[in-house]
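Colleague:
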Amino acid sequence: MKKRPEKVFEEKKQKVNKLKLLEEKVKREALYNPLFFVQNYVITIDEHDINNPFKRFPDKEYLWNIVKIWNSHDLILIVKSRQMMISWLMVALHVWLSIRPGARIFFVSKKEADADALKERAHFIVKNLPDFLRPEFNNKYCKLYFPELNSEINAVSQDSDALRQYTATAILFDEMAFADEARAIYTAAKPTVVGGGKFTGISTPNGKNFFYELAYDKI
Numbered sequence: 004m005k006k007r008p009e010k011v012f013e014e015k016k017q018k019v020n021k022l023k024l025l026e027e028k029v030k031r032e033a034l035y036n037p038l039f040f041v042q043n044y045v046i047t048i049d050e051h052d053i054n055n056p057f058k059r060f061p062d063k064e065y066l067w068n069i070v071k072i073w074n075s076h077d078l079i080l081i082v083k084s085r086q087m088m089i090s091w092l093m094v095a096l097h098v099w100l101s102i103r104p105g106a107r108i109f110f111v112s113k114k115e116a117d118a119d120a121l122k123e124r125a126h127f128i129v130k131n132l133p134d135f136l137r138p139e140f141n142n143k144y145c146k147l148y149f150p151e152l153n154s155e156i157n158a159v160s161q162d163s164d165a166l167r168q169y170t171a172t173a174i175l176f177d178e179m180a181f182a183d184e185a186r187a188i189y190t191a192a193k194p195t196v197v198g199g200g201k202f203t204g205i206s207t208p209n210g211k212n213f214f215y216e217l218a219y220d221k222i
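The numbering used here puts the first residue of the sequence shown at 4, with every later residue one more than the last.
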């Protein structure tokens, strides 16, 4: 017997409501748990794979351990090597921080253009999030802004005064061992950590400099 139109409509309505409830549940988990967010919703670019460049993170235990450590500590320093995907991972984690109200994130590098390149990775991640998780965003040079959340990711060089002028939710300092002003940036960022924010420094090795001393507890 054919279902009455109102019965069909009611069944469709119930399915839509169930889907909305499921999306809300998943969204809450993704915003609460950075590991869940990174494993399930982040797309990266593999520049070495021309045929299939857009990929999720590989299922590597060291990546998941880093996420857990990062989430439970306010000051993180990582000595990285090429092809470990540490830069992508840290950008993804700071995107996770940024898609909540009032977040002010800074990406720092020796040159402004390099910091903006990190911000562009964040932009790529955000625009590839599922609809229910992706906030409205505006992207321009050195700034990714979420107007509904009043949150932002700013890209600055080591010479910028921004870290001295603003209180940050989190700071990601890329290739810290190659920055001449690493000590000054770290000093300027201390109020962020003391105030409950995060400071993450990542770099390939570059001799026994300030990053080395900091990373290996020589200070």
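No residue lacks a Cβ here, since even glycine has one placed at the ideal position from N, Cα and C.
Fair warning: this is a prediction, and the values are worked out from it, not measured in the lab.
Determine which residues share a DSSP beta bridge with LEU217 and list them.
Modeller: Partner(s): none; LEU217 has no beta bridge.
Colleague: Helix, strand or coil: which one does DSSP assign to THR207?
Modeller: coil
Colleague: Can you tell me whether GLU139 is buried or exposed? The criterion is at least 16 other CB atoms within 10 Å of its CB, across all chains shown.
Modeller: exposed
Colleague: Along the chain, where does the alpha helix (DSSP H) containing LYS193 start, and where does it finish?
Modeller: 185 to 197
Colleague: Using a Cβ-Cβ cut-off of 6 Å (strictly less than) and excluding sequence neighbours within five positions of TYR65, which residues of its own chain qualify?
Modeller: Short of 6 Å from the beta carbon of TYR65, and not among the five residues preceding or following it, lies no beta carbon of its own chain.
Colleague: Output the distance between the C-alpha atoms of PHE181 and GLU26, rounded to the nearest integer angstrom.
Modeller: Across the structure, PHE181 and GLU26 are spaced so that their CA atoms are roughly 43 Å apart.
Colleague: Would you kindly check if the distance between the Cβ of ILE205 and the Cβ of SER75 is under 9 Å?
Modeller: no
Colleague: Leaving out five residues on either side along the sequence, give the residues of the same chain with a beta carbon under 8 Å from the beta carbon of CYS145.
Modeller: Correct list, in chain order: GLU115, ALA118, ASP119, LYS122, ASN157, ALA158, VAL159.
Colleague: I think LEU166 touches PHE109, with their Cβ atoms under 8 Å apart; what is that distance to the nearest whole Å?
Modeller: 6 Å
Colleague: Can the beta-carbon of ILE102 be found closer than 9 Å to that of SER154?
Modeller: yes
Colleague: Among all the DSSP beta bridges, which residues are the ones paired with ARG85?
Modeller: Paired residue(s): none; ARG85 is not in a bridge.
Colleague: By Cβ distance, which residues of its chain are closer than 7 Å to LEU100, with the 5 residues on each side in sequence left out?
Modeller: ALA106, ILE108, THR172, ALA173
Colleague: Which word fits LEU96, buried or exposed, when buried means at least 16 other C-beta atoms lie within 10 angstroms of its C-beta?
Modeller: buried
Colleague: At what residues does the alpha helix (DSSP H) containing ASN142 begin and finish?
Modeller: Element bounds for ASN142: not the alpha helix (DSSP H) but the beta strand (DSSP E), 141 to 143.
Colleague: Taking all protein chains shown into account, decide if PHE135 is buried (16 or more other Cβ within 10 angstroms of its Cβ) or exposed.
Modeller: exposed
Colleague: Taking just the CA atoms, how far does MET93 sit from ASP77?
Modeller: Computed Cα separation, rounded: 13 Å.
Colleague: Helix, strand or coil: which one does DSSP assign to PHE176?
Modeller: strand
Colleague: Am I right that ASN141 and ILE46 are in contact with their C-beta atoms under 8 Å? What's the rounded C-beta distance?
Modeller: Not confirmed; about 20 Å, so no contact.
Colleague: Please work out which residues of its chain come closer than 6 Å, Cβ to Cβ, to ASN209, disregarding the five sequence neighbours upstream and downstream, and give them in chain order.
Modeller: These residues qualify, in order along the chain: ALA180, PHE181.
Colleague: Thinking ALA218 and LEU80 are a contact (beta carbons under 8 Å), I'd like their distance in whole angstroms, please.
Modeller: For ALA218 against LEU80, the beta-carbon gap comes to about 4 Å, under 8 Å, which counts as contact.
Colleague: Please specify which runs of the beta strand (DSSP E), each continuous and at least 3 residues long, are wholly inside the region 110 to 146, giving them in chain order.
Modeller: Within the region 110 to 146, the beta strand (DSSP E) runs of at least 3 residues that lie entirely inside it are, in chain order, 141 to 143.
Colleague: Per DSSP, SER160 forms a beta bridge with which residues?
Modeller: SER112
Colleague: Quick check: the Cα distance between ARG85 and LYS28, rounded to an integer number of angstroms?
Modeller: 36 Å
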